[in-house]
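Take a look at the structure below.
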Amino acid sequence: MQQRAVTAVLTAALLLTAGCSGGGAPYPGDGAAQPGRTAPGGSASASATDPVPPGRGSVQVLRTVAEGLRSPWGLAPLPDGGLLVSSRDDGTIIRIDPKTGKKSVLGAVSGVAPGGEGGLLGIALSPGFAADHMIYAYFTTDSDNRIARLLYDERKPAGEQLGAPDTVFKDIPKGAVHNGGRIAFGPDGMLYAGTGESGERGLAQDRTSLGGKILRLTPDGDPAPGNPFPGSPVYSYGHRNVQGLAWDDRQRLFASEFGQDTWDELNAIKPGGNYGWPTAEGRSADPAFQNPLAQWHTADASPSGIAYVDGVIWMAGLKGQRLWRIPLKGTAAAAAPQAFLTGMYGRLRTVVAAGGGRIWLVTSNTDGRGTPKKGDDRVLEAQVR
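Just so it is clear: in the sequence shown, position 163 is 164 by my numbering, and no numbers are missing.
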């Protein structure tokens with residue numbers, strides 16, 4: 002069902018509740034969170050029973066699963082082991098056989114209008130995919146960013162396997178930059194979406210706007226029950242451009258976010274939390290804002306997708322061209338972030354848990370800002386710990 006009267010609902014909610022990036026991560030002497038500590042306004046917390054992973058880890062790239070991709074953005078593993086990958090600029094979804102690397106085009110998502118940082122972005126499988134065969138996609142149109150679901154019918158010929166988009170949520174602000182785009186179904190079965198402020202900085206603090214937010218929706222696109230602002234899809238706000246979403250094994254949500262000139266962020270998300278943009282970039286002494294659990298200079302990260310594996314957040318870096326490892330103690334960083342694969346594969350866009358201590362990693366060198374090489378872009382499989 003399409004979003005209904007969003008502005009009016011958000012305005013009512015507000016009244017009811019009135020009141021872009023190696024170098025080391027900034028630890029601990031330059032304003033970053035110290036392990037186990039929460040600065041004023043921070044959201045980090047940990048239980049004494051939270052297991053703590055080793056402070057240092059390792060990454061071993063096992064193989065290139067597939068190559069020759071064009072502007073890949075989102076990745077969704079299928080129950081049978083296949084991988085779906087979205088192309089931002091082509092507006093298509095392809096299927097990759099992880100055993101052979103063979104690629105086949107499911108089809109194009111109608112209505113996608115690529116441009117700048119917009120296009121076909123994140124994808125996710127319906128929680129009931131085994132029965133309904135629905136793929137959810139976040140994409141840019143001529144007028145907005147929106148989320149739609151599409152029927153995937155494998156019985157049809159390649160290139161014709163996607164049904165028409167059924168829009169479930171629309172009117173997310175679009176721009177040449179900062180379109181957000183990451184979507185994921187949480188452990189609660191609800192649909193979460195990271196949005197950007199589309200270059201209009203003030204939207205991030207405006208709770209009646211959908212820009213610069215994390216949204217929490219039902220699978221049909223309605224504001225999810227139990228959201229912090231009654232009748233509103235807004236779950237958290239004060240974000241510049243949310244690019245990664247992941248949950249730990251206790252259902253706590255984490256999100257990565259582009260900074261502007263100084264600090265990129267990894268945040269532990271608190272329902273209703275204000276993450277400071279544009280007033281604050283990185284850590285702040287203002288108790289009204291939730292502080293990041295880790296932050297990076299923008300040349301070292303430009304964070305995109307994140308994945309949780311065995312107590313660790315793995316974060317892909319675009320401008321930083323590296324994979325960051327952030328061990329957790331609860332919702333605090335247990336040790337300084339550690340960088341891997343620096344410069345080896347260029348820009349890294351998406352990271353997804355693959356089970357058995359492995360991840361899928363998607364490069365992003367054909368997005369207009371990278372330096373494409375033979376075979377780019379690609380999906381990699383890596384063992385991590």
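Glycine included, C-beta positions come from ideal geometry on N, C-alpha and C.
Which residues mark the beginning and the end of the alpha helix (DSSP H) in which residue i is found?
i, result
"residue 90", "Element bounds for residue 90: n/a, residue is neither H nor E."
Grouping DSSP H, G and I as helix and E and B as strand, with all else coil, what is residue i?
i, result
"residue 301", "helix"
"residue 203", "helix"
"residue 133", "helix"
"residue 158", "coil"
"residue 296", "strand"
"residue 100", "coil"
"residue 2", "Note that residue 2 scores 48 on pLDDT, short of 50, meaning its location in the model is unreliable; the coordinates nonetheless yield the value given after this. In this structure, residue 2 counts as coil in the three-state DSSP scheme."
"residue 73", "strand"
"residue 127", "coil"
"residue 217", "strand"
"residue 248", "strand"
"residue 185", "strand"
"residue 138", "strand"
"residue 175", "coil"
"residue 308", "strand"
Go ahead and label residue i buried or exposed: buried means 16 or more other beta carbons lie within 10 angstroms of its beta carbon, across all protein chains shown.
i, result
"residue 258", "buried"
"residue 177", "exposed"
"residue 364", "buried"
"residue 14", "Any reading at residue 14 must be qualified, since the residue scores a pLDDT of 39, below 50, and its modelled position is unreliable; the value itself is stated next. With 16 or more Cβ atoms within 10 Å of its Cβ, residue 14 is classed as buried."
"residue 367", "buried"
"residue 374", "exposed"
"residue 50", "exposed"
"residue 43", "Confidence is the limiting factor: at residue 43 the pLDDT is only 37, short of 50, which leaves the residue's position unreliable, though a coordinate-based value still follows. Buried, because 16 or more other Cβ atoms sit within 10 Å of the Cβ of residue 43."
Cβ of residue i within 7 Å of Cβ of residue j?
i, j, result
"residue 163", "residue 139", "no"
"residue 124", "residue 185", "no"
"residue 208", "residue 191", "no"
"residue 101", "residue 120", "no"
"residue 86", "residue 385", "no"
"residue 337", "residue 323", "no"
"residue 197", "residue 181", "yes"
"residue 347", "residue 318", "no"
"residue 298", "residue 276", "no"
"residue 329", "residue 335", "yes"
Over what stretch of residues does the beta strand (DSSP E) that includes residue i continue unbroken?
i, result
"residue 1", "Since the first and last residues shown for the chain are 2 and 386, residue 1 lies out of range."
"residue 269", "264-269"
"residue 339", "339-341"
"residue 316", "313-318"
"residue 255", "254-258"
"residue 236", "235-238"
"residue 361", "359-364"
"residue 146", "146-152"
"residue 198", "Residue 198 -> no beta strand (DSSP E), and no H or E assigned at all."
"residue 353", "349-356"
"residue 163", "That residue, residue 163, is in no beta strand (DSSP E); it is neither H nor E in DSSP."
"residue 61", "60-68"
"residue 330", "324-330"
Under 7 Å between C-beta atoms, does residue i make it to chain D?
i, result
"residue 212", "Any reference to chain D falls outside this structure, which holds one protein chain only."
Could you tell me whether any non-hydrogen atom of the ligand MN is closer than 6 Å to the CB of residue i?
i, result
"residue 66", "Although the ligand MN was asked about, the structure shown includes no ligands whatsoever."
- prompt: So, do the region 305-322 and the region 240-257 have three or more beta carbon pairs nearer to each other than 8 Å?
  reply: yes
task: Count the CB pairs spanning the region 56-73 and the region 374-382 that are closer than 8 Å, and state whether there are at least three.
output: yes
task: Could you tell me whether the region 283-293 touches the region 349-365, where touching means 3 or more Cβ pairs closer than 8 Å?
output: no
task: Specify whether the region 148-157 and the region 223-232 touch according to this definition: at least 3 beta carbon pairs, one from each stretch, less than 8 Å apart.
output: no
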